[in-house]
């Protein structure tokens with residue numbers, strides 16, 4: 001899980017990390033994620049390429065670092081926020097609230113999330129936050145559908161929220177229709193009266 005505190009860093013390493021993240025955020029904002037190379041980030045941050053690659057690995061690692069704070073906020077809401085995202089609501093309502101909150105997060109940072117998930121094969125599944133999301137969804141599914149095989153079902157539900165999938169849906173159908181399509185796939189989203197999205 002990502003909720004653990006990050007390890008302490010040396011002061012110079014912390015300064016370099018902040019310089020790199022600030023430079024990357026500006027470059028990504030100005031030129032788009034696809035238009036920025038790791039070399040350009042290193043040059044803009046004033047650090048060596050070796051330092052950048054050792055610290056972040058590749059652009060997906062850099063994107064993950066930039067997204068870390070937003071992911072921590074969402075995780076905190078799930079663990080201790082008010083219902084229905086946080087504890088205290090029925091599983092169906094929590095799953096629907098998670099879907100909406102996660103879609104808000106993905107749509108708010110679509111290029112970065114897509115980069116973090118697709119820069120290398122299987123990158124999405126190596127991200128600590130993904131394991132957190134999968135476990136949360138599996139717990140809710142097990143409560144919602146007793147006896148179901150919740151772990152693979154959680155992966156299937158999360159597949160509909162993958163940034164690459166969301167990018168394609170939004171590009172072709174717009175955000176409103178993309179949200180409705182994803183809602184229709186999430187178990188428990190539509191209540192029996194059909195009053196949800």
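In full-length UniProt numbering, the protein residues as written are 1 to 197. Cβ coordinates follow ideal geometry from the N, Cα and C atoms, glycine included. Since the model is a prediction, treat every value here as computed from it, not as a measurement.
- Taking a C-beta distance under 8 Å as the contact criterion, residue 138 and residue 154 qualify as a contact pair.
- Rounded to whole angstroms, residue 110 and residue 46 show a C-alpha spacing of 27 Å.
- Its chain contains 161, 166, 179 and 182 as the residues whose beta carbon lies nearer than 8 Å to that of residue 103, once the 5 sequence neighbours on both sides are disregarded; these appear in chain order.
- The residue among 115, 131, 134 and 148 with its C-alpha nearest the C-alpha of residue 28 is 115.
- DSSP places residue 64 in the uninterrupted alpha helix (DSSP H) bounded by 59-80.
- The residue from 169, 62 and 15 with its alpha-carbon nearest to that of residue 123 is 62.
- Counted as a single uninterrupted DSSP element, the stretch harbouring residue 149 is not any alpha helix (DSSP H), since DSSP gives it neither H nor E.
- The beta carbon of residue 58 sits closer than 6 Å to those of 119, all from its chain and outside the five residues before and after it, given in chain order.
- In this structure the region 89-105 touches the region 138-153; the number of beta carbon pairs closer than 8 Å is three or more.
- Beyond the five residues adjoining it in sequence on each side, residue 32 comes within less than 8 Å, by CB distance, of 111 in the same chain, given in chain order.
- With a threshold of 16 other beta carbon atoms within 10 Å, residue 60 meets it and is buried.
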